[in-house]
Amino acid sequence: MAFLLALLIVAITAGLVWPLAAKMWWTPLLASAQGGDFDSHFLLSMVMCVIIFVPAQLALAYCVVAFRDRAGAKASYSHGNNFMEVLWTSLALVFFIGMNAKGQSMWYHQRMEAAPADSLMVEATGEQFAWNFRYPGADGKFGKTDFMKVDNSAGNPLGLDPDDPAGKDDIVTTTLVVPVNKPLEVILHSKDVTHNFFVREMRIKQDAVPGMDLRIHFTPSVLSKDLPPHPDGTKGEYEIACSELCGLGHYKMRAFMQVVTQEEYEKFLKEHAR
Ligand SMILES: [Cu+2]
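Numbering of the sequence shown is given in our numbering, commencing with residue 1069 and proceeding in unit increments.
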């Protein structure tokens, strides 16, 4: 019986490690300059888990056999080993603090540090259950908004103030179109509840919180026309999925992001210029 159990433990361990060893990766295409750090951090944590998990399971299988019930033998009690206790507690401490420190710096770099000076700024505003994107237009300045002026039916979902000259050329769209290889700063707002701006290929996930001005910057690096089609058949677009349970229509709250060439981007701006 002990041998069978040990065999089962080894088989389950092998079955769990197999997808990783066989490189059955589940990360989607990587399409931002900063996403590589995220992937290597993810891979490092997976590898560390395997390094800890496999010997622990093999030791368990060994103990199941070595200390199995033998007729007539008396069990002995061990109070443990202080040296080993200190050793693995400190190793775990170093590991967790180290992983956190590395993750923290990636997080900090994209959110707390200022975006590069030549970044394109786009405001993304979530509402139940849609996204609107605003470009500052030719003057590079966002106009004032006033929530009293929000009127979806009149085509002013963001409440642009018509009296502010800086807002006259602001462009509002429902699809996010950005040029490739240019740093992009997304300023996240929400009109009602907490939403989340999630683009898996960019390895970007950031909450949009009502009343807050949350920023995240990254550099899209793959044209959307080079993307493989989505399982739902959508082609040439990155999905921006709301990733915060925000109400009954949460499941269908999504928008799309197109990464285009500089020329195509300028054409897009001209077509939408006001
Ligand atoms: Cu949402």
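Heads up, the beta-carbon is just placed ideally off N, CA and C, and yes, glycines get one too. All figures in this text were calculated on a predicted structure; none of them were measured in a lab.
Does Thr1241 come out as helix, strand or coil in the three-state DSSP assignment? Secondary structure of Thr1241 (DSSP, three-state): strand.
From Glu1310 to Phe1201, what does the alpha carbon distance come to, in whole angstroms? Reading off the sequence, residue 1310 comes out as Cys, not Glu. Whole-angstrom Cα-Cα distance: 14 Å.
Going by C-alpha to C-alpha distance, which of Glu1253, Arg1342, Gln1196 and Ala1182 sits closest to Ala1323? The alpha carbon of Ala1323 has as its nearest neighbour, out of Glu1253, Arg1342, Gln1196 and Ala1182, the alpha carbon of Gln1196.
On the CB-based measure, 16 or more other CB atoms within 10 Å of its CB, does Ile1119 come out buried or exposed? It counts as exposed.
Can you give the Cα-Cα distance for Ile1272 and Val1154, rounded to whole angstroms? Approximately 38 Å between the Cα atoms of the pair.
Skipping 5 residues on each side, what residues in its chain have a beta carbon closer than 7 Å to that of Glu1312? By the criterion of a C-beta distance shorter than 7 Å, Glu1312 is surrounded in its chain by Thr1262, His1263, Asn1264 and Asp1275, once the five residues flanking it on both sides are discounted.
Following the continuous alpha helix (DSSP H) through Ala1129, name the residue where it begins and the one where it ends. Taken as a continuous stretch (DSSP letters only), the alpha helix (DSSP H) holding Ala1129 covers Gly1103 to Ala1134.
DSSP has Ile1308 in a bridge; who is on the other side? According to DSSP, which records beta bridges pairwise, Ile1308 is partnered with Ala1323.
Starting from the N-terminal end, write out each residue whose C-beta falls within a distance shorter than 5 Å of any non-hydrogen atom of ligand 1. Residue list for ligand 1: His1263, Cys1310, Cys1314 and Met1321 (CB closer than 5 Å to any heavy atom, chain order).
Alpha-carbon spacing of Trp1175 relative to His1257, whole angstroms: Spanning the alpha carbons of Trp1175 and His1257 requires a straight line of approximately 19 Å.
Residue from Gly1211, Lys1212 and Leu1226 whose Cα sits closest to the Cα of Val1218: Checked all of Gly1211, Lys1212 and Leu1226; the closest Cα to Val1218 is Leu1226.
Looking only at its own chain, which residues have a Cβ that is under 7 Å from the Cβ of Asp1207, when we skip the five neighbours before and after it? Closer than 7 Å at the Cβ level, and outside the excluded window around Asp1207, lie Ala1234 and Asp1237.
Could you give the distance in angstroms between the alpha-carbon of Leu1126 and the alpha-carbon of Leu1084? Rounded to whole angstroms, Leu1126 to Leu1084 spans 13 Å at the Cα level.
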